[in-house]
Amino acid sequence: MTANAINGFLLAAQKWVNHEVTNPLSILVLNLMPTRQNTERQFLTRFSEIGSDAELTFMYPSSHHFRGTSTDLIQRDYVCLDQIRDAHYDGLIVTGAPIETLPFNQVDYWDELEEIIDWSKDHVTECLYECWAAQACLFHDFGVRKHLLLSKLFGVYPAETINAESPIARGFGAGGLLKMPQSRHTGIVLDEDHLPEGLMVDVSSAVTGPIILSADSLHSTYITGHPEYSEGTLVLEYYRDLYEQMPIRLPQNYFIDQDSGTVDYSWKNSSIQIYDNWTKIIANKKVGLSI
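What follows is the structure, encoded as structure tokens:
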């Protein structure tokens, strides 16, 4: 279908073309990634591949001290909470951020993020938190802590356990059909046999731990990876880490041919299905149906 940008750097630079839509879903994206334009394109592309029209509004945390982005530009092309406090959105997505090794309370916009999460309970139909944001919101909502991994979890990993009754996992069977890009140094501390009340593990793997979790009463979905990632994102992160002299291995299950750099874009269909499932949850809740 069609995904339009209400604001953002791509729209301001005329690098994304909007089209006429009818009754689109309104999606607010709190973009915490340093590669903001790439992240905008990734989400706009994903939402143009699903079965619903959508309009994406990009948001920034006003309490954050930006290093690679002009404050004037982000204030011009993004919105902050104070500008939309009285609005309602069909969906909220909070992206990952390269700050996972910091304690949550050392993140300069932590208090604002908690305020946004609390605000969303009354102003958003469904919320989706990805990678670091999933860890942050699981801590906020359930007190789930994170821990440092021995080495970076980096690559594309198949699911091993899928709850077929979960709305977010509809359309996936067993056998690794759901694949998820992962790029993180931390994991969550969670006993899947003794979950906090109200929290469900929908998709999991022994290698990665929980991949997708949900809390229906909080209208929240937590994804520990990056379903929005485009075909070449992981290799760009690999070379970035090499340049910064960080310990890094080639992404797992990513290349068809490492020598030629040919990527196995194996997670594309999974990602489209996940976002399509999420928007169907929104659509059904809007009309008062139970799925």
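For the sequence shown, the residue numbers in the numbering used here are 3 to 293.
For every residue, glycine included, the Cβ atom is placed at its ideal position computed from N, Cα and C.
Note that the structure is a prediction, hence the values are computed from the model and not measured.
Given residue i as reference, the closest of the options once Cα atoms are compared
i	options	result
Gly189	His149, Thr73 and Asn165	His149
Glu239	Lys154, Ile119, Arg43 and His221	Lys154
Ile86	Thr163, Ala99 and Ser64	Ser64
Lys17	Glu42, Arg251, Asp84 and Ile250	Glu42
Asn33	Glu230, Ile258, Gln260 and Ser272	Glu230
Beta-carbon separation (whole angstroms), residue i vs residue j, contact threshold 8 Å
i	j	result
Gly358	Thr47	Here the chain covers residues 3 to 293 and nothing more, so residue 358 does not appear.
Ile52	Asp278	4 Å
Tyr91	His125	7 Å
Gly223	Ser232	The amino acid occupying residue 223 in the given sequence is Thr; Gly does not appear at that position. That belief does not hold up - the Cβ atoms of Thr223 and Ser232 are roughly 21 Å apart, past 8 Å.
Gln254	Gly227	The Cβ separation is near 12 Å, so there is no contact.
Paired residues, beta bridge with residue i - DSSP
i	result
Cys129	Leu94 and Ser222
Pro183	Val158
Met248	Answer is none; Met248 lacks a bridge partner.
Phe60	Val31
Ser216	Met202 and Thr223
Spatial neighbours of residue i in its chain, beta-carbon cut-off 6 Å, leaving aside the 5 residues before and after
i	result
Ile95	Val31 and Leu130
Leu197	none
Gly173	Gln275
Glu194	Val203
Val191	Arg147 and His149
Glu22	none
Sequence-distant residues of its chain with Cβ nearer than 7 Å to residue i (five each side left out)
i	result
Ser292	With a pLDDT of 48 at Ser292, under the threshold of 50, the modelled position of that residue is not reliable, and the figure given next carries that caveat. So the list is empty, once near-sequence residues are dropped.
Ser268	Val158 and Lys181
DSSP-derived helix/strand/coil call for residue i
i	result
Asn2	The structure shown does not extend to residue 2, since the chain spans only 3 to 293, so no value can be given for it.
Glu167	coil
Ile101	coil
Ser72	coil
Gln77	helix
Phe174	coil
Gln260	coil
His149	strand
Ile293	In this predicted model, Ile293 has a pLDDT of only 48, less than 50, meaning its place in the structure is not dependable; the value taken from the coordinates is given anyway. It is coil, neither helix nor strand.
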